[in-house]
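Trainee: Okay, so the sequence shown: first residue is 1 according to this note's numbering, each after it adds one. Backbone N, C-alpha and C fix where the C-beta goes; we use that ideal spot for every residue, glycine too.
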Amino acid sequence: MKITSVEVLTAMMPRAVPRGYENRRWEELPTIVAIVRTDTGIEGIGHTITLNHEFTRSLATMVGELGESLIGLDPRRTEQCLGKMLYPANWVGPGGMLNIAACAIDIAIWDIVGKDLGQPLWRLLGGATDRVRVYESGMLIGVDIDTIQRGAEAALKAGYRAMKMRPGPDRHGRAADAVARVRAVRDVIGYDVDLMYDVNQTWTPSRAIQVGRALEPFELFWIEDPTLMHDVVGQAAIARALDVPVCAGEYHYDMPPLLKLLEARAVDYLMVDMMRMGGITQFRKVAAMAEAFGVPVASHLIPEVFCHCIAAIPNGLIVEGMPWTQGLFCGLPDLVDGKLVLSERPGHGLELDPDAVRRLRVS
Ligand SMILES: [Mg+2]
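#1: Sort Trp324, Gly72, Gly114 by Cα distance to Arg15 and report the nearest one.
#2: Return yes when at least one heavy atom of ligand 1 lies under 6 Å from the C-beta of Asp194, else no.
#3: Out of Glu216, Leu9, Val272, Trp122, which one is the CA nearest neighbour of Ser370?
#4: Per the DSSP calculation, Gly190 is bridged to which residue(s)?
#5: I believe Ile3 touches Val36 by the beta-carbon criterion, under 8 Å. Please report the beta-carbon distance rounded to the nearest angstrom.
#6: By DSSP, does Thr40 sit in helix, in strand, or in coil?
#7: How is His47 classed by DSSP in three states: helix, strand or coil?
#8: Just grab the DSSP bridge partners of Arg133 for me.
#9: Where do the N-terminal and C-terminal ends of the beta strand (DSSP E) with Ile318 fall, by residue?
#10: For the beta strand (DSSP E) that contains Thr10, what are its first and last residues?
#11: Quick check on Trp222: does DSSP put it in helix, strand or coil?
#12: Start and end of the beta strand (DSSP E) containing Leu270?
#13: State buried or exposed for His230, treating a residue as buried only when at least 16 other CB atoms are found within 10 Å of its CB.
#14: Compute the Euclidean distance between the alpha carbons of Gly294 and Trp122, then round it to the nearest angstrom.
#15: Pop quiz: Arg181 and Ile148 are said to be a contact at Cβ under 8 Å. What is the actual Cβ separation, rounded to whole angstroms?
#16: Unbroken alpha helix (DSSP H) runs of length 4 or more, entirely within the segment 133-213: which are they?
#17: Pick out whichever of Pro120, Gln326, Leu140 has its Cα sitting closest to the Cα of Ala356.
#18: Run through the segment 225-293 for me and flag every whole alpha helix (DSSP H) of 4 or more residues, listed as ranges in chain order.
#19: Under the rule that 16 or more other beta-carbon atoms within 10 Å means buried, what is Ile71, buried or exposed?
#20: Let me check one thing: in DSSP terms, what residues is Val35 bridge-paired to?
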């Protein structure tokens, strides 16, 4: 089997703009899709995103150029394909746009492997389970308490049994304000639904310990990225000081920085952004690395594909249910009892929705 062509398309996915965030560029999410074709007629699709509009064309170009470099290769040789993408491009990497772009191609290649073998990816990659926990990640974003309470109600109504909130706009205000926001959400969802709390690197270690202790009665499922991504020592101190688990890792590229987090015991749960890893091929290695430390793994964004990776591994914890890119595809997994139920369709099981492509494609 040989790769014969790679087509790249860019779509602007509409996003709900949370109240209080109107001045940000929330309204559209640039999504780059790679369609990798082979001489057998099997084709695979993969996608990647950027949160900022500014370098959308550069990212699409990078996906296209990486795809061209694989023409003539056998897509079943996933390591050869990834090596062919990452090594020659190392001068403009490692990490950054190179990994984000390679991810789209790597997903498409695994989609081809699954279709060739007639196996869904969750089973092909290990098959630990065929249904995986998911938390809602986009509905509880808001400045005021009323907005996040309504978001929590909507998440419950949609069938989620876990959801994530963020601190308020004044991240250095009184700990009592953080407590009030979390209490307001617990008032809506009770304690049988899991609640994550994402700080997005905006606290100092001492602040994280101060507020984290104040939040301990609310049984948070995790506190995420409490401090700066490279402050491994500070984060390890937070993890030691707090009873609530610390989850981090999404900001890092490639394996070595994640190994440092694990070695320093700076994470109770490892969050892996598979785009920043360069795709599924590298994710598997990170997941095995975390397993050696007894650390469960959570995914970041693109749940429609990464649910397969979390379901496949023995230490898969939960999938981030961020709905931004799902509107582009048919064949999404069903949400049942707070879990994504994965299908028997080969590969990742997704197909581009022709109507969505017609409406949202910009190049
Ligand atoms: Mg996060």
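Mentor: In short:
#1: Closest option to Arg15, judged by alpha-carbon separation, among Trp324, Gly72, Gly114: Trp324.
#2: Outside the cutoff, so no.
#3: Outside the shown range of the chain (1 to 363) lies residue 370, about which nothing can therefore be said.
#4: Partner residues in a beta bridge of Gly190, as assigned by DSSP, do not exist.
#5: 6 Å between Cβ atoms; contact.
#6: If DSSP states are grouped into helix, strand and coil, Thr40 belongs with coil.
#7: DSSP places His47 in strand when its eight states are reduced to three.
#8: For Arg133, which the question treats as bridged, DSSP gives the partners Lys339.
#9: Taken as a continuous stretch (DSSP letters only), the beta strand (DSSP E) holding Ile318 covers 316-321.
#10: Looking at the DSSP string, the run of the beta strand (DSSP E) that includes Thr10 is 3-14.
#11: Residue state, collapsed to three classes: strand.
#12: Leu270 -> beta strand (DSSP E) spans 269-272.
#13: Exposed, because fewer than 16 other Cβ atoms sit within 10 Å of the Cβ of His230.
#14: Near 21 Å, if we compare the C-alpha coordinates of Trp122 and Gly294.
#15: Here Arg181 really is in contact with Ile148; their C-beta atoms are around 7 Å apart, less than 8 Å.
#16: List check, alpha helix (DSSP H) in window: 145-157, 175-189.
#17: Looking at the Cα atoms, Gln326 is the closest of the given residues.
#18: For the alpha helix (DSSP H) assignment, the uninterrupted runs of no fewer than 4 residues enclosed by the segment 225-293 are, from N- to C-terminal side, 232-241, 255-263, 274-277, 280-292.
#19: Counting every other CB atom within 10 Å of its CB across the protein chains shown gives Ile71 a total below 16, marking it as exposed.
#20: Position check: residue 35 holds Ile in this sequence, whereas Val was assumed. DSSP lists Glu7, Ile45 as the beta-bridge partner residues of Ile35.
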